[in-house]
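The working numbering applies: residue 10 is where the sequence shown begins, and numbers increase by one. For each residue, glycine too, the CB sits at the ideal point set by N, CA and C. Given the structure is predicted, the values throughout are model-derived calculations rather than measurements.
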Amino acid sequence: MRHGCKINHLSRTKSHRDAMLSNMASSLILHKRIETTLAKAKALRTYVEPLITKSKTDSTNERRVVFSYLQNKEAVTELFREVSQKVATRNGGYTRILKTGRRLGDGAEMAIMELVDYNENLLKETKAPQAKTTRRGRTRKTDEVVAKTETVTEEVIVDTPVDAQVEIQEQSPEDKAE
10 MRHGCKINHL
20 SRTKSHRDAM
30 LSNMASSLIL
40 HKRIETTLAK
50 AKALRTYVEP
60 LITKSKTDST
70 NERRVVFSYL
80 QNKEAVTELF
90 REVSQKVATR
100 NGGYTRILKT
110 GRRLGDGAEM
120 AIMELVDYNE
130 NLLKETKAPQ
140 AKTTRRGRTR
150 KTDEVVAKTE
160 TVTEEVIVDT
170 PVDAQVEIQE
180 QSPEDKAE
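In structure tokens form, the structure reads like this:
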């Protein structure tokens, strides 16, 4: 019976599972995004998030502890230099798992796992403000509509020379006399 067994064994021995999670964590930190199965992504999330939390306090001891998990110097330096700076204000939830469908060969559920603050597509979308609509379907005036109405309501002032105005005034009394 599996009562109280919370570790997903992933059909591997402990040494194989630890090596696989270490390699996947290093790849995630270096590339900021990896594609794997959903079960491996969920297991990797519980493996990586405490390491990212440890990287917030940059000390020699924390670097040694993280290196004992990752076994990759480049990944450790990347984690402590760049990733820890981006997630300094975040209290957890450093990774995101996006389901992508099933694999063709065996039908396994696939997922993309990425670091939250490094997704350029979502960051670009959040920067662009979206036009809000009311519940009745009436849209608010945008800047373009306001600009068009302003150009229509502008008065056109024609500059005429002073001599031309005098001639116009002189001609009008003569026309009245005739």
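Q: Please classify Leu19: does DSSP put it in a helix, a strand, or coil?
A: Coil.
Q: Measure the Cβ-Cβ separation of Leu19 and Ala48 and say whether it is below 8 Å.
A: For Leu19 and Ala48, yes; Cβs fall inside 8 Å.
Q. Beta-carbon separation of Thr104 and Glu58 under 8 Å?
A. Thr104 is a Cβ neighbour of Glu58, given a cutoff of 8 Å.
Q. In three-state DSSP terms, what is Leu113?
A. In the structure shown, Leu113 falls within a coil segment according to DSSP collapsed to helix, strand and coil.
Q.
Considering Cα atoms alone, identify which of Asn130, Thr46 and Lys23 is closest to Leu113.
A. Comparing Cα-Cα distances from Leu113 to each of Asn130, Thr46 and Lys23, the minimum goes to Thr46.
Q) Taking Glu44 as the reference, which of Thr98, Leu88 and Thr109 has the closest Cα? A) Looking at the Cα atoms, Thr109 is the closest of the given residues.
(Q) Could you tell me the alpha carbon to alpha carbon distance between Arg72 and His12, rounded to whole angstroms? (A) Answer to the nearest angstrom: the Cα atoms are 35 Å apart.
Q: Give the DSSP-derived three-state secondary structure of Ala120 in the structure shown.
A: Ala120 falls in the strand class under three-state DSSP.
Q. Are there 16 or more other CB atoms within 10 angstroms of the CB of Asn81, so buried, or fewer, so exposed?
A. Burial call: buried.
Q) Across which residues does DSSP place Ile106 in a beta bridge pair? A) Met122.
Q) In chain order, which continuous runs of the alpha helix (DSSP H) of length 4 or greater are located wholly inside the region 29-111? A) Those alpha helix (DSSP H) runs which fall completely within the region 29-111 and span 4+ residues are 47-63, 69-79 and 82-87.
Q) Should Leu30 and Leu124 be called a contact, given that it needs their Cβ atoms to be closer than 8 Å? A) By the CB criterion at 8 Å, Leu30 and Leu124 fall outside the cutoff.
Q | Coarse secondary structure for His193, derived from DSSP in three states | A | Residue coverage of the chain in this structure runs from 10 to 187, which leaves residue 193 outside it and unanswerable.
Q | Cα-Cα separation, Ala84 to Met119 | A | Those two C-alpha atoms are separated by around 24 Å.
Q) Nearest to Asn70 by CA position, among Leu53, Ile121, Phe89 and Ala52, is which residue? A) For the residues Leu53, Ile121, Phe89 and Ala52, the minimum Cα distance to Asn70 belongs to Phe89.
Q.
Using the Cβ count rule (16 or more neighbours within 10 Å means buried), how would you classify Met122?
A. Classification of Met122: buried, given that the 10 Å Cβ count is 16 or more.
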